[in-house]
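Q: Could you have a look at this structure, given as structure tokens, before my questions?
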Amino acid sequence: LRKDRFIGWYHSHPFDVGVHSNAFLSGTDVNTQLMWQLQFGKWVAIVVDPLRSLAKQKVELGCFMAYPPSYDPPKNQGPDGNFDTNTSNLTTRWGAVYNRYYMLKPTFFMGSLVRHNLEMMSRKHLWIRHLSSTAILEPENRTELPKRINALTKGTTDQSLSRRSTKKSEEALAESLNIRYFFCLLLFFSIYLSFSLASIFLQEGIVCVISRDIAVEQCIGNSGQLVKNVVFNASLGSQ
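The numbering used here numbers the first residue of the sequence shown as 73 and each following residue consecutively.
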């Protein structure tokens, strides 16, 4: 008998490659996963998307666990922890029982020998992969870009509202100052103001990082497209 310690089970969803990954749990999968969890406690369901893995040249899989039958999850929350008021989006991405399981974050590791062998095997095909693929034109990236920009816009709007609220609170506090309590309130106001400014600066930093990442990503993608046009288009290349 093998003495390996089993920690879960896996199966594949070899469906057509679409906008989203096919790593999710169906109703039957959730029932199977729940049966194993009730028997062994810690038990993980791994779902592999083989066709998408081949198309994207990277491993596409999901790790999941089922909620206990007595647990009532938050409404409109997907297995990844994100909320969506449109339930059709949740069912399209995560299946009909999206509210009965949750996703775990997987990590990968490999030894130095395995990494060396993989690099040797993929080195001569790496340039082909870069020329034949364009990340910014992939359907999922084209769908997610407007959402990322909307989230960025909402973040800047929230900052503006936060600043107005902070300014109004400061004015109201200044109007209520009394000479008798001036020094005590001055100390309290200094502490309050420092925390407010720290929060605003932190939010600005996050918004700046997100906007920078989006801009750099689009610049790199469009620059790559221009280079491909110059290399492969004879009329542009002659110019």
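Think of the CB as a built atom: it goes at the ideal place given N, C-alpha and C, for glycine as much as any other residue.
Quantities reported herein were computed from a predicted structural model and do not represent experimental measurements.
(1) Under the three-state reduction of DSSP, which class applies to I118: helix, strand or coil?
(2) Would you tell me roughly how many angstroms separate the C-alpha atoms of M137 and W115, rounded to the nearest one?
(3) Work out the CA separation of S205 and K300 for me, nearest whole Å.
(4) Could you check where the beta strand (DSSP E) with G312 kicks off and where it finishes?
(5) Got a sec? Which residues, its chain only, sit under 7 Å from G80 by beta carbon, not counting five neighbours each side?
(6) Contact between the region 139-155 and the region 119-126 is defined here as three or more beta-carbon pairs at a separation below 8 Å; is this criterion met?
(7) Since L97 contacts C135 with CB under 8 Å, what's their CB separation in whole angstroms?
(8) I'd like the span of the beta strand (DSSP E) that includes F136, first residue to last.
(9) Can you name the start and end residues of the beta strand (DSSP E) that M175 belongs to?
(10) Our contact map puts Y173 next to Q111 with C-beta atoms below 8 Å; I'd like the distance itself, whole angstroms only.
A: In this structure, then:
(1) strand
(2) Straight-line measurement puts the Cα of W115 at about 7 Å from the Cα of M137.
(3) The straight-line gap from Cα to Cα measures roughly 11 Å.
(4) Any question about residue 312 goes unanswered here, given that the chain covers just 73 to 311.
(5) W115, V116, A117 and I118
(6) no
(7) Not a contact, Cβ separation roughly 11 Å.
(8) L133 to A138
(9) Membership of M175 in the beta strand (DSSP E) is indicated by the continuous run Y173 to L176.
(10) In fact, because the Cβ distance is near 17 Å, the residues do not count as touching under 8 Å.
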